[in-house]
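Novice: Going by numbering that gives the first Met the number 0, the letters in the sequence shown line up with residues 0 to 816, in that order. For every residue, glycine included, the Cβ atom is placed at its ideal position computed from N, Cα and C. Below: one structure in structure tokens.
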Amino acid sequence: MKRFLLVSVLLVTGSSLFASYTGRVFVDKNNNGIWEKGEKTLKGVKVSDGLHVVETGTDGTYTLPGHGREKFIFITTPSGYKTMNRHYHKIETKEKGYDFGLIPYNPGIRKDGSHRFIHISDTEIFNTSHHEDWVNNVRDYAANEQAAFIIHTGDICYEKGLKAHIRLMNTENMDCPVFYCIGNHDLERGKYGEEIFESVYGPVYYSFEVAGVHYIVTPMPWGDAHPGYTTEDVCNWLKNDLAHIRPGTPIMIFNHDLLTNDDTFIYKGKDNNSINLNDYNLKAWIYGHWHINYMKKQGNVYTICTSSLDKGGIDHAKSAYRVMAVNPKGELSTELRYTYLDRNLRIASPQGRTGTKTVTVNTYSSTSPVAEVTYTCLKNGRTIIPYKKLSQKTDWSWTAVMPLNDAYTGKELSMRVRTRFKDGRTAETDSKFVYEKNSTEIVLDTDWKNLLGNATHTATAAPLEGDLQLVWSTNVGANIFMTSPLVYNNKVYTASIDEDLKGRAAIYALNGKDGSLLWKYLVRTSIKNTIAIESGIVFAQDVQGNLYAVDAETGKLRWESQLPVNGLPNLIDGLVADKGIVYAGSGKALSAFEAATGKLIWRNKDWSQREGTTSTLTVGNDVLVGSVQWTALYGNDAKTGKMLWNISDHGLRNRGASAAMHGSLLYIIAEKSFFILEARSGRIIVRKQLPYNLDVTSTPLLTEKEIIFGTANKGLVALDNQTLEEKWNCPVEDALIFTVPYTRSFSGTIETSPVLAGSTVYVGASDGTIYAIDANTGNKLWKYKTGAPIFGTVAISGNALIVTDLGGNVYAFCCVK
């Protein structure tokens, strides 16, 4: 007891060593920052010195004791008000009084307290320019949809970026409160890591409130330079901050990184000092850092990561910002919004000669959701179908079935589509088409069970002779990312993503003849990459490492396994199946299972998972080839799982592409080079440096005379397979959405792998177009614009070409002689 009293006395005595601070919080009617007689003062506003937290009295005044590590006096901005970038004052040596003038601000808060806010992250503007488009996208969306605030969760990047970003986005020029977190690349060398950040943005931890929700900004605990703050500082302030909120108040925390992969969120200071945030009705932990789009439920807490909105993400995540909708109870839902798109509108079907009555429209705008899409059909300028509404299927796609009289079969008709956006703007487009009722029947006579048809990713197809005609299109009701369609027993298979956790991720089987849905198997979360079929079973792995084995005929689960993947990054890799075995996972979770039973054969022990990897496993000649982004390419013994080799030289550590195995050789692209490697040893036989960005998920195609692959910025490229000199380059249009790491406009991107049928190469591009290209010359023979990015490699079987797009549409084209 005596020892406790002594410590208490020391603490009280110590506090007297620091000067106290006073001030008031008031409504600043004339916005001059100075309290004047007649201006209303505000009671109950929380004010802090970085450790202590007090509330203003009935006269709006406060007193803070100060402490040894003080830098700022700052407030918890109350709901219904905003500050013009000054929720804080830097403590000056001779100044002891700090007033805070607030401006009434209610936009974005509904009567019931529901509201929206915008999350952006990792803009890293230190080495880029021309930011106006994406900044305007965010500003306009915030105005159109009445956002309550904008939060940036860090990595603005270095002194140059830190000083420039505040001029791009601040509360005044965005006409919306803007808040910032500090990221690891925002800690710069100086007196202490956050010195420059503080000089521009103020304190690195603080809170604010909107409609009964308590939002807390916390700092990154480490970075490029050592921070002056400690987790102990943050923990002590956080305890005091939370002591002032009513029990049951929903809280959400912003940070540059995720605190934990577990269900319990304990913020730890020094020694045993900690605070269990689950005890405070924690609803969400919102972060960036990983450059991925990923949402997860950890116990009762949503953890939400948003990639960069101005460029592609590390795991080829789509360039996007995220809108969070918060209801009166503090529960939230989210929506990714893609940048750089101004009233994009395309009639995906019908166009040209077509055998389907399905109307498929891809339409999108970065600054406003779509309110309504309507269509009309005309013949010679005369209306034969009056304007009708389409139904929304995904964020990109709207569909309807035309009530087209068969009397118009074989006649040239035109369709006009109008999109009305919620901001009142509109878009309109037309297409001409000829409906062919008795179109050629689709024949799927070859199974296509892996990426590029087989486990070595080397399949080619018979020529598609004649003109390609769309026979059917089906929307699965969810976005499709890098999952390439498969063909098996006259059925088409694909899988979808669900980056907002709305229960939309699934595996699908469609009737190959007409596209009708045969079955749908819901999975826990997004399937982002290659699925495979073996032993009559469809295999897919989701981003949390759940491996599903679903009966290809019935859609019933045969078995499943939880792969021991890292909590972060999430699992993006594509799997492969062959000869009764399925290979799935990545790093220490890379595993081989008996396809029929799910019995584990082996698990990799030799290399670890790291940044998100978009390559698909390749297997052949008893070698399994996998990879880790930013680390290495690996060869494992397919029978035992033992690592045979790893190689990271010459850019092979930076790679999104999968290897094609031709006999004993591997063909692969990485960074700015094409490689041929010995599959069993990993020895580099050929390396050809090239003037393109090759960090795409495109597997090289080997033809009789060419090696053909996609690029990040120059479309499709062919090398002479003898000299390795460029033979031709087929450019494509600018990507609708940027996915290749750090790419921005202009990027003529092809993330998919080219497929050979006869002497024609078929490939989908990020500009939303399917291309048929002469393998010998690079000339475009045919193209079909869908209006939504194509990230999945096409499949060819019999007389049919199967393609998917991001809008969730599956298209079946048939060759008509």
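Have a look at Asn105, Val549, Asn449 and flag the residue whose alpha-carbon is nearest the alpha-carbon of Gly791.
Specialist: Asn449
Novice: Taking buried to mean at least 16 other C-beta atoms within 10 Å of its own C-beta, is Asp111 buried or exposed?
Specialist: exposed
Novice: Please state whether the Cβ-Cβ distance between Val815 and Thr408 is less than 7 Å.
Specialist: Taking the C-beta atoms as reference points, Thr408 is found no nearer than 7 Å to Val815.
Novice: State the start and end residues of the unbroken alpha helix (DSSP H) segment that holds Tyr157.
Specialist: Looking at the DSSP string, the run of the alpha helix (DSSP H) that includes Tyr157 is 157-167.
Novice: With Ala669 and Leu651 assumed to form a contact (beta carbons below 8 Å), what rounded beta-carbon distance in angstroms separates them?
Specialist: 5 Å
Novice: Is Val44 helix, strand or coil when you go by DSSP?
Specialist: coil
Novice: Secondary structure at Leu818, three-state DSSP: helix, strand or coil?
Specialist: There is no way to answer for residue 818, as the model of the chain reaches only from 0 to 816.
Novice: With distance defined between alpha-carbon atoms, name the residue in Asp466, Asn488, Lys295, Trp727 nearest to Thr445.
Specialist: Asn488
Novice: Which of the three DSSP states, helix, strand or coil, is assigned to Tyr339?
Specialist: Judged by DSSP in its simplified three-state form, Tyr339 adopts coil rather than helix or strand.
Novice: Alpha carbons only, please: which of Thr529, Ala147, Asp733, Cys234 is nearest the one belonging to Ala80?
Specialist: Note on residue identity: the sequence assigns Tyr, not Ala, to residue 80. Among Thr529, Ala147, Asp733, Cys234, the Cα nearest to that of Tyr80 is on Ala147.
Novice: Helix, strand or coil for Gly452? Go by DSSP, reduced to three states.
Specialist: helix
Novice: For the alpha helix (DSSP H) that Thr425 lies in, which residues bound it at each end?
Specialist: Thr425 -> not in any alpha helix (DSSP H); beta strand (DSSP E) instead, spanning 425-434.
Novice: Would the segment 758-774 count as touching the segment 403-417 if we require 3 or more Cβ pairs under 8 Å?
Specialist: no
Novice: Hey, out of Lys388, Ala531, Tyr20, whose CA is closest to Gly579's CA?
Specialist: Ala531
Novice: So, under 8 Å CB-CB, Thr482 and Phe432 are touching, yes? Tell me the CB distance rounded to an integer number of Å.
Specialist: Their Cβ separation, rounded to whole angstroms, is 28 Å, which puts Thr482 and Phe432 out of contact at 8 Å.
Novice: Express the C-alpha separation of Phe196 and Ala210 in angstroms, rounding to a whole number.
Specialist: 29 Å
Novice: Could you tell me whether the Cβ atoms of Val818 and Lys42 are closer together than 7 Å?
Specialist: The chain is shown from 0 up to 816; residue 818 falls before or after that span and cannot be answered.
Novice: Should Gly56 and Trp395 be called a contact, given that it needs their Cβ atoms to be closer than 7 Å?
Specialist: no
Novice: What residues in its chain sit with their C-beta under 8 Å from that of Val11, if we drop five residues either side in the sequence?
Specialist: Low local confidence applies: a pLDDT of 36 at Val11 is under 50, so the model's placement there is unreliable, and no value is given.
Novice: Taking only three categories from DSSP, how would you classify Gly192?
Specialist: coil
Novice: Ends of the beta strand (DSSP E) at Trp236?
Specialist: Per DSSP, Trp236 belongs to no beta strand (DSSP E); it is in the alpha helix (DSSP H), 230-241.
Novice: How big is the Cα-Cα spacing for Ile215 and Lys89?
Specialist: Cα-Cα distance, rounded: 20 Å.
Novice: In terms of residues, what are the limits of the alpha helix (DSSP H) holding Tyr140?
Specialist: 131-143
Novice: Smallest Cα separation from Ile571: which of His225, His315, Asp27, His151?
Specialist: Ranking His225, His315, Asp27, His151 by Cα distance to Ile571 puts His315 first.
Novice: Looking only at its chain, what residues have a beta carbon closer than 8 Å to the beta carbon of Tyr87, apart from the 5 residues adjacent to it on each side?
Specialist: Phe71, Ile72, Phe73, Ile74, Gly201, Pro202, Tyr205
Novice: Are Ala594 and Ser534 closer than 7 Å when you measure CB to CB?
Specialist: Ser534 sits close to Ala594, with the two beta carbons spaced by under 7 Å.
Novice: Pull up the distance between the alpha-carbon of Leu377 and that of Asp497, whole angstroms please.
Specialist: 37 Å
Novice: When you compare only the Cα positions, how much space is there between Ile285 and Tyr320?
Specialist: 13 Å
Novice: If you measure between the beta carbons of Tyr374 and Val400, is that distance less than 7 Å?
Specialist: no
Novice: Would you tell me roughly how many angstroms separate the C-alpha atoms of Tyr543 and Thr524, rounded to the nearest one?
Specialist: Note that residue 543 is Gln in the sequence shown, not Tyr. C-alpha separation (whole angstroms): 7 Å.
Novice: Measuring CB atoms only, is the segment 286-306 touching the segment 719-733, in the sense that at least three cross pairs come out at less than 8 Å?
Specialist: no
Novice: Within this structure, are the beta carbons of Ala324 and Arg115 separated by less than 7 Å?
Specialist: Cβ distance < 7 Å, so Ala324 and Arg115 count as in contact.
Novice: Exposed or buried, Asp466, counting other C-beta atoms within 10 Å across all chains shown (16 or more means buried)?
Specialist: Here Asp466 is exposed, its C-beta having fewer than 16 other C-beta atoms within 10 Å.
Novice: Note the first and the last residue of the continuous beta strand (DSSP E) segment covering Gly351.
Specialist: Residues 351-353.
Novice: Can you tell me which residues form a DSSP beta bridge with His151?
Specialist: Ile119, Tyr179
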